[in-house]
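Structure first, commentary second.
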Amino acid sequence: MGEYRLIFTDKILDNVHGFIEFTQVEKELIELPVFKRLQGIKQLGLTNWIFPGAEHTRFIHSLGVMHVADQMAVQLGYDGEKRQLVRLSGLLHDIGHYPLSHVGERAYKAKEDGTGDVLERQRAHVRQTIESLDEEPFLYMQQAGNPYHHEQVTKKVIESDRDIRRIIEARCGGSRLITIENICDIITGNVERNPEISGPAQLIHSELDADRIDYILRDATFSGTSYGNFELGLFLRNLSSTMYRGTEIIGVHPKGIAIADQFLMNRYYSYTQVFFNRHVSILEFMSEALSEAFLKAPGSEFPDREALWQAVEHHCDGTDFLYFTDRAFWDSLHHMEFPAGSFKAVFQRLLLRYQEMELTKNRELSVNFTGRSELMAYLSSHPIYRNLDGGEKDRIPTVFVERFTNQVPLSVFRERLSRASAGRDFSEEEEKRLHVRRLQEGITILHEGREPELLCDSPASLMSQLYRLRVLIMREYQYPGA
409 MGEYRLIFTD KILDNVHGFI EFTQVEKELI ELPVFKRLQG IKQLGLTNWI FPGAEHTRFI
469 HSLGVMHVAD QMAVQLGYDG EKRQLVRLSG LLHDIGHYPL SHVGERAYKA KEDGTGDVLE
529 RQRAHVRQTI ESLDEEPFLY MQQAGNPYHH EQVTKKVIES DRDIRRIIEA RCGGSRLITI
589 ENICDIITGN VERNPEISGP AQLIHSELDA DRIDYILRDA TFSGTSYGNF ELGLFLRNLS
649 STMYRGTEII GVHPKGIAIA DQFLMNRYYS YTQVFFNRHV SILEFMSEAL SEAFLKAPGS
709 EFPDREALWQ AVEHHCDGTD FLYFTDRAFW DSLHHMEFPA GSFKAVFQRL LLRYQEMELT
769 KNRELSVNFT GRSELMAYLS SHPIYRNLDG GEKDRIPTVF VERFTNQVPL SVFRERLSRA
829 SAGRDFSEEE EKRLHVRRLQ EGITILHEGR EPELLCDSPA SLMSQLYRLR VLIMREYQYP
889 GA
């Protein structure tokens, strides 16, 4: 085909990015019912109960990701064809999301079926979270293993939607690059099948990608907090790419180290202060527990897992998946009847009355730590931790663990690679591929005349010290009973 040109045919006004323009193929995709479905899914679930302005949806977030990804692609000098691929991947990256966003997703990903003693299950979950803190999975640019991860559902939606395929083939049919397969690989972070999409995949699926940039900016704007303030223009000016071992690596110039640090720190505080706000966390716990119960309850608007896959695969011929939005949760909450005195009835009553559970006198604990042994020296004497063994059975604990970066310096990476290879033989090619994946997934610094390195490798970055640091926040709520 000849030169692929981007021609913008329409635009929408966004209060984060200003005018967002779109091409004809994007306009036709946006007008599809399966994309408009995202207007019924709030980005932050029930967070708007606490931060009233947080009414934004997956719909406008998806447009924002498309816009930011394109700005990054322009800075990198991508041609029109590659830009369109990146834009479509950003636009469609959340098309398979769940009611109440990650609340609904966690219910479908859970191994439990919503039955049994929810208080004991939650205590066991908190214990397991703490016990596994020193486990470091050796995964780089891996696709989500759980089939109910929203990225896998998104992939299934795109692959099974004949209208999406028809529109893309009609408008981009002459392109060898703009294909359903490449779009799905970018969204899921699959960089193995087609090495040519390594760069585009990093713009949508890495530690500093368009998805994270937009939700940090958008969540801050709509929640009214300042934690997400981020100099996007300065970041874009420092964005660049290089070829490393035959693979495109996206990164920042050394002058961009400070802005990259700022982004990671703001993301950290957004999580600790907004996403795990003490009111939000208990509302999400109750909603998630009820969502799990809805999966097995006759008359619920939540299909069981098999029925969900059927609804996704056949969504062009029906409305079941189109209805699977926040409304499905609220309709189920209003219409379901649960046994009196059950946790489901208690949580249902509280949410229908816009109420939550109160903290116990133990309230909460928050501790920064670098290793589990250091953490346990503090935790072991705290009453919230001691109650995990069932001392106070009418208490509900919650736990949150966050870190500034999931990446580690090269020396630590090599140690983990050595441990991971014990008992199996990593070929030289596999080891090289893992080194490349490490750079694809993290925030990379691109030095002139030197090999690229991660942010946490550089003594000029705060992450060279903060990569070790994690925060654990535990809270204890009073279960009200019947």
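Following this note's numbering, the numbering of the sequence shown begins with 409 at its first residue and continues without gaps. Note that the Cβ used here is the ideal one computed from N, Cα and C, for glycine as well. Predicted model only: the values in this text are computed from it and were never measured.
Task: C-beta atoms of C580 and Q492 nearer than 8 Å - done: For the purposes of this step, residue 580 is identified with residue 172 of the sequence shown, where counting begins at 1. For the purposes of this step, residue 492 is identified with residue 84 of the sequence shown, where counting begins at 1. It is a contact, given that the beta carbons lie within the stated cut-off.
Task: Same chain only: Cβ atoms within 6 Å of E615, ignoring 5 sequence neighbours per side - done: The residue you call residue 615 lines up with position 207 of the sequence shown. Taken in chain order, the residues that qualify are G850 and I851.
Task: Through-space distance from Q560 to I690, alpha-carbon basis - done: As a position in the sequence shown, residue 690 is number 282, starting the count at 1. As a position in the sequence shown, residue 560 is number 152, starting the count at 1. Between the alpha carbons of I690 and Q560 lies a distance of about 27 Å.
Task: For V809 and E696, believed in contact at Cβ under 8 Å, the rounded distance - done: On the sequence shown, position 288 is the one that residue 696 refers to. On the sequence shown, position 401 is the one that residue 809 refers to. With a Cβ gap of about 17 Å, E696 and V809 do not count as contacting.
Open item on the list: Assuming contact is defined by CB atoms lying nearer than 8 Å, are A477 and L672 in contact in what I supplied?
Closed with: Within the sequence shown, the letter at position 69 stands for residue 477. Within the sequence shown, the letter at position 264 stands for residue 672. Going by C-beta atoms, A477 is not nearer than 8 Å to L672.
TODO: Could you please give me the residues that DSSP links to E886 through a beta bridge?
DONE: Position 478 of the sequence shown, counted from the start, is the residue given in the question as residue 886. The sequence given here places Gln at residue 886; Glu does not occur at that position. In the DSSP secondary-structure assignment, Q886 is bridged to R803.
Task: Meets three-Cβ-pair contact criterion under 8 Å: the stretch 646 to 660 and the stretch 599 to 609 - done: Enough Cβ pairs lie closer than 8 Å, so yes.
Open item on the list: Closest to Y556 by C-alpha separation, out of R531, E543 and H505, would be which residue?
Closed with: Residue numbering aside, residue 556 sits at position 148 when the sequence shown is read from its first letter. Ranking the options by Cα distance to Y556, first place goes to H505.
Task: Alpha-carbon to alpha-carbon, A481 and M871 - done: For this step, residue 871 is matched to residue 463 along the sequence shown. For this step, residue 481 is matched to residue 73 along the sequence shown. Cα to Cα, M871 sits roughly 26 Å from A481.
- [ ] Name the one or two DSSP bridge partners that R878 has.
- [x] Position 470 of the sequence shown, counted from the start, is the residue given in the question as residue 878. Paired residue(s): F777 and R811.
Open item on the list: Please report the straight-line C-alpha distance between S819 and K564, rounded to a whole angstrom.
Closed with: Here residue 819 refers to the residue found at position 411 when the sequence shown is read from its first residue. Here residue 564 refers to the residue found at position 156 when the sequence shown is read from its first residue. Between the alpha carbons of S819 and K564 lies a distance of about 39 Å.
TODO: Work out the CA separation of R675 and L585 for me, nearest whole Å.
DONE: The sequence position of residue 585 within the sequence shown is 177, counting from 1. The sequence position of residue 675 within the sequence shown is 267, counting from 1. Their backbone Cα atoms lie some 33 Å apart in a straight line.
TODO: Indicate whether K435 and D418 have their beta-carbon atoms separated by less than 8 Å.
DONE: As a first step, residue 435 must be located in the sequence shown, where it is residue number 27. As a first step, residue 418 must be located in the sequence shown, where it is residue number 10. Yes.
- [ ] Please specify which runs of the alpha helix (DSSP H), each continuous and at least 4 residues long, are wholly inside the stretch 646 to 689, giving them in chain order.
- [x] Taken in chain order, the complete alpha helix (DSSP H) segments of 4 residues or longer contained in the stretch 646 to 689 are 665 to 678.
Task: Of the residues R780, F683, A532 and A578, the one placed nearest N795, counting alpha carbons only - done: Here the question's residue 795 lines up with position 387 in the sequence shown. The candidate whose alpha carbon is nearest that of N795 is A532.
Task: Spatial distance of V424 from V473 (CA atoms) - done: Counting from one through the sequence shown, the residue named residue 424 turns up at place 16. Counting from one through the sequence shown, the residue named residue 473 turns up at place 65. For V424 and V473, the gap between their C-alpha atoms comes out near 11 Å.
- [ ] Report the rounded CA-to-CA distance for A668 versus G799, giving the unit in angstroms.
- [x] Against the sequence shown, residue 668 aligns to sequence position 260. Against the sequence shown, residue 799 aligns to sequence position 391. Each residue's CA atom was taken as its position, placing A668 and G799 some 45 Å apart.
Task: M549 classed as buried or exposed, judged by whether at least 16 other C-beta atoms fall within 10 angstroms - done: Numbered from its first residue, the sequence shown carries residue 549 at position 141. At M549 the pLDDT is 45, less than 50, meaning the model places this residue with poor confidence; the figure from the coordinates comes in the next sentence. M549 is buried by the Cβ-count criterion.
Open item on the list: Between A753 and the ligand FMN, is there a pair consisting of the residue's CB and a ligand heavy atom that are separated by less than 7 Å?
Closed with: Absent from the structure shown: the ligand FMN. Ligands present: none.
TODO: Consult DSSP for R413 and reduce its assignment to one of helix, strand or coil.
DONE: One-based indexing of the sequence shown puts residue 413 at position 5. Looking at R413 - three-state DSSP - the assignment turns out to be coil, as it is neither helix nor strand.
Open item on the list: Measuring alpha carbon to alpha carbon, tell me which residue in T633, I415 and F746 is nearest K704.
Closed with: Counted from its first residue, the sequence shown places residue 704 at position 296. Of T633, I415 and F746, the residue nearest in Cα terms is F746.
TODO: Decide yes or no for the touch test of the stretch 484 to 502 against the stretch 701 to 716: beta carbon pairs closer than 8 Å, at least 3 of them.
DONE: Counting Cβ pairs under 8 Å, fewer than three are found: no touch.
- [ ] Over the uninterrupted beta strand (DSSP E) stretch that includes I428, give me the two end residues.
- [x] Position 20 of the sequence shown holds residue 428. G426 to T431 is the extent of the beta strand (DSSP E) around I428.
Open item on the list: Short of 6 Å in beta carbon distance, which residues of its chain neighbour L847, apart from the five on each side in sequence? Order them along the chain.
Closed with: As a first step, residue 847 is located in the sequence shown; it is residue number 439 there, counting from the start. Sequence-distant partners of L847 (beyond 5 residues in either direction) whose C-beta falls short of 6 Å from its own C-beta, in its chain, are I657 and P860.
Task: Three-state secondary structure (DSSP) of R771 - done: Position 363 of the sequence shown, counting from 1, holds the residue named residue 771. DSSP, read as helix, strand or coil, puts R771 in strand.
Open item on the list: Just to confirm, is the Cβ distance from T733 to G448 under 8 Å?
Closed with: Taking the first residue of the sequence shown as position 1, residue 733 is located at position 325. Taking the first residue of the sequence shown as position 1, residue 448 is located at position 40. Their beta carbons are under 8 Å apart, which means T733 touches G448 by this criterion.
Task: Rounded separation between W457 and L471 - CA only - done: As a first step, residue 457 must be located in the sequence shown, where it is residue number 49. As a first step, residue 471 must be located in the sequence shown, where it is residue number 63. Answer to the nearest angstrom: the Cα atoms are 24 Å apart.
Open item on the list: Does S699 pass the burial test, meaning 16 or more other C-beta atoms within 10 Å, or should it be called exposed?
Closed with: Working through the sequence shown from its first residue, we reach residue 699 at position 291. By the neighbour-count definition (other C-beta atoms within 10 Å, threshold 16), S699 is a buried residue.
Task: Rounded separation between L496 and G779 - CA only - done: For the purposes of this step, residue 496 is taken as the residue at position 88 of the sequence shown. For the purposes of this step, residue 779 is taken as the residue at position 371 of the sequence shown. Cα atoms of L496 and G779: separation of roughly 41 Å, rounded to the nearest angstrom.
Open item on the list: So F684 and I881 are supposed to be a Cβ contact under 8 Å. How far apart are they, rounded?
Closed with: In the sequence shown, residue 684 corresponds to position 276, counting from 1. In the sequence shown, residue 881 corresponds to position 473, counting from 1. The C-beta distance from F684 to I881 rounds to 6 Å, short enough to fall under 8 Å.
Open item on the list: Could you tell me the alpha carbon to alpha carbon distance between I428 and I420, rounded to whole angstroms?
Closed with: Taking the sequence shown and counting its residues from 1, the one referred to as residue 428 is at position 20. Taking the sequence shown and counting its residues from 1, the one referred to as residue 420 is at position 12. If I take the Cα positions, the gap works out to 5 Å.
- [ ] Keeping to the same chain, check which residues put their C-beta closer than 7 Å to that of K840; ignore five residues upstream and five downstream.
- [x] Within the sequence shown, the letter at position 432 stands for residue 840. Same-chain partners within the cutoff: R653.
- [ ] Indicate the three-state DSSP secondary structure (helix, strand or coil) for L508 in the structure shown.
- [x] Here residue 508 refers to the residue found at position 100 when the sequence shown is read from its first residue. L508: coil per DSSP, three-state reduction.
- [ ] Helix, strand or coil for K519, going by three-state DSSP, please let me know.
- [x] Residue mapping note: residue 519 aligns to position 111 of the sequence shown, counting from 1. Assigned with DSSP and collapsed to three states, K519 falls in coil, not helix or strand.
Task: CB of H855 within 8 Å of CB of P662, strictly - done: Along the sequence shown, one-based indexing puts residue 855 at 447. Along the sequence shown, one-based indexing puts residue 662 at 254. Closer than 8 Å, so yes.
Task: Short Cβ contact (8 Å threshold) for F638 with I624 - done: For the purposes of this step, residue 638 is taken as the residue at position 230 of the sequence shown. For the purposes of this step, residue 624 is taken as the residue at position 216 of the sequence shown. For F638 and I624, yes; Cβs fall inside 8 Å.
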